[in-house]
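Colleague:
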Amino acid sequence: MNTPPPPRLSVRGLEVAFGGLTALSGVSFDVADGETVALIGPNGAGKTTVFNAVCGLVKPRKGTVRIAGRPASARPTGLLKAGVARTLQGLGLFEHLTVLENVLVPLTSLRETDAIGKARKALADLGLEHLAARPAGTLPYPERKRVALARALATDPRLLLLDEPAGGLGSADIDALADTVRAVADGGRAVLLVEHHVDFVMEVADRIVVLDFGEVIATGTPEAVQGDPAVEAAYLGLEAVGAPTAAAADESGTA
Ligand SMILES: Nc1ncnc2c1ncn2[C@@H]1O[C@H](COP(=O)(O)OP(=O)(O)OP(=O)(O)O)[C@@H](O)[C@H]1O
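All the letters of the sequence shown, read from the start, carry residue numbers 550 to 804 under my numbering.
1. Residues in its own chain within less than 7 Å of Ala767 by CB, not counting five upstream and five downstream?
2. At what residue ranges does the stretch 602-669 contain a whole run of the beta strand (DSSP E), taking only runs of 3 or more?
3. Find out if the Cβ-Cβ distance for the pair Arg693, Ala701 is shorter than 8 Å.
4. Name the two residues that bound the continuous alpha helix (DSSP H) containing Phe762.
5. With Asp712 as the anchor, note down where its beta strand (DSSP E) starts and where it stops.
6. Please indicate yes or no: does the CB of Asn551 lie closer than 7 Å to some heavy atom of ligand 1?
7. Is Phe749 near ligand 1, in the sense that its beta carbon is under 7 Å from a heavy atom of that ligand?
8. Which of the three DSSP states, helix, strand or coil, is assigned to Arg561?
9. Rounded to whole angstroms, what is the Cα-Cα separation between His745 and Ile589?
10. Could you tell me if Thr585 is buried or exposed, where buried requires 16 or more neighbouring beta carbons within 10 angstroms of its beta carbon?
11. Per the DSSP calculation, Ile589 is bridged to which residue(s)?
12. Extract the residue ranges of the beta strand (DSSP E) inside the stretch 729-753, only unbroken runs of 3 or more that lie entirely within it.
13. Ligand 1 and Lys596: does any heavy atom of the ligand fall closer than 7 Å to the residue's C-beta?
14. With a threshold of 7 Å (Cβ to nearest heavy atom), would Phe567 be considered close to ligand 1?
15. How should Phe567 be labelled, buried or exposed, when 16 other C-beta atoms within 10 angstroms of its C-beta is the threshold for buried?
This is how it looks when you write it as structure tokens:
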């Protein structure tokens with residue numbers, strides 16, 4: 550009998566503490582090849598900490614993170630080798646380098662011509678080729694955000710981690726981003742994203758994992774999660790699944 554291959558990403562029983570604060574407790578979920586999973590939850594729920602644990606930036610007190618069945622590496626080169634790429638909330642671009650040079654940064658281990666070919670293809674895929682020679686810092690925010698995504702995609706990741714990819718974008722850019730994410734997953738890659746933008750999550754996610762106070766309170770399709778009473782309660786009575794703003798949280802606290 551053939552054993553099925555392990556999931557691209559498998560998180561099991563993750564527990565992370567910062568001093569006396571338990572930021573994550575018993576967090577488990579998988580992401581399969583070709584699947585887009587969104588991690589959502591109110592502010593401070595632990596979403597970024599999950600990302601950081603997957604990338605080895607925080608050390609779990611308990612639990613495991615496996616990439617295609619192997620323990621995840623804590624080193625950037627190890628992650629690259631394991632086919633993991635991540636975009637950052639702060640983008641992390643080198644503002645004085647050109648767009649092309651930024652996309653080349655994770656490709657330094659390749660022969661120069663191969664690296665340039667991959668970088669140019671990633672830029673072309675995201676409609677950025679004409680901006681290749683521009684210093685990244687001179688571009689408007691949506692373009693800079695696309696450069697960061699191109700840099701991650703240029704590495705041909707098997708697992709793409711997106712930290713608030715829709716944040717700060719207008720609706721046209723969000724639609725284009727949704728197309729890109731769908732194309733990435735349709736190409737067989739696994740995508741894990743942290744996102745506050747409800748409509749975007751509902752559109753691109755195959756599955757949603759909802760965190761609250763560091764624990765998974767629901768997992769399922771966007772439709773299932775949207776109607777889950779525990780999720781509604783976590784969002785303090787907001788009508789739909791989404792990130793409560795500070796104002797919304799205050800209002801519900803005084804309601
Ligand atoms: N380096 C750290 N040191 C101490 N506490 C931390 C650290 N990083 C996160 N925390 C705490 O861990 C908890 C989870 O934080 P995390 O940033 O993962 O939440 P989040 O769901 O990503 O929130 P947001 O939506 O606001 O980005 C919070 O209580 C936060 O204050």
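A virtual CB, placed ideally from N, CA and C, is assigned to each residue, including glycine.
Modeller: Once the coordinates are examined:
1. Numbered from its first residue, the sequence shown carries residue 767 at position 218. Counting only Cβ-Cβ distances below 7 Å, and skipping sequence neighbours, we find Val759, Val774, Asp777, Ala779 and Val780.
2. 611-616 and 633-636
3. Position 144 of the sequence shown holds residue 693. Position 152 of the sequence shown holds residue 701. Going by C-beta atoms, Arg693 is not nearer than 8 Å to Ala701.
4. Within the sequence shown, the letter at position 213 stands for residue 762. Taken as a continuous stretch (DSSP letters only), Phe762 belongs to no alpha helix (DSSP H), as it is neither H nor E.
5. Walking along the sequence shown from the start, residue 712 turns up at place 163. Start and end: Leu708 to Asp712.
6. For the purposes of this step, residue 551 is taken as residue 2 along the sequence shown, with counting starting at 1. No, ligand 1 has no heavy atom inside 7 Å of this Cβ.
7. Reading the sequence shown from its first residue, position 200 is the one you call residue 749. It does not: the Cβ of Phe749 is nowhere closer than 7 Å to a heavy atom of ligand 1.
8. For the purposes of this step, residue 561 is taken as the residue at position 12 of the sequence shown. Three-state result, Arg561: strand.
9. As a first step, residue 745 must be located in the sequence shown, where it is residue number 196. As a first step, residue 589 must be located in the sequence shown, where it is residue number 40. Those two C-alpha atoms are separated by around 7 Å.
10. Sequence index remark: in the sequence shown, residue 585 carries index 36 (1-based). Thr585 comes out buried.
11. If you number the sequence shown from 1, residue 589 lands on position 40. Partner(s): Val759.
12. 739-743
13. One-based indexing of the sequence shown puts residue 596 at position 47. Lys596: yes, Cβ under 7 Å from ligand 1.
14. Translated into positions along the sequence shown, residue 567 becomes position 18. For ligand 1, at least one heavy atom lies less than 7 Å from the Cβ of Phe567.
15. By 1-based counting over the sequence shown, the position of residue 567 is 18. Counting Cβ neighbours within 10 Å, Phe567 comes out exposed, since fewer than 16 surround it.
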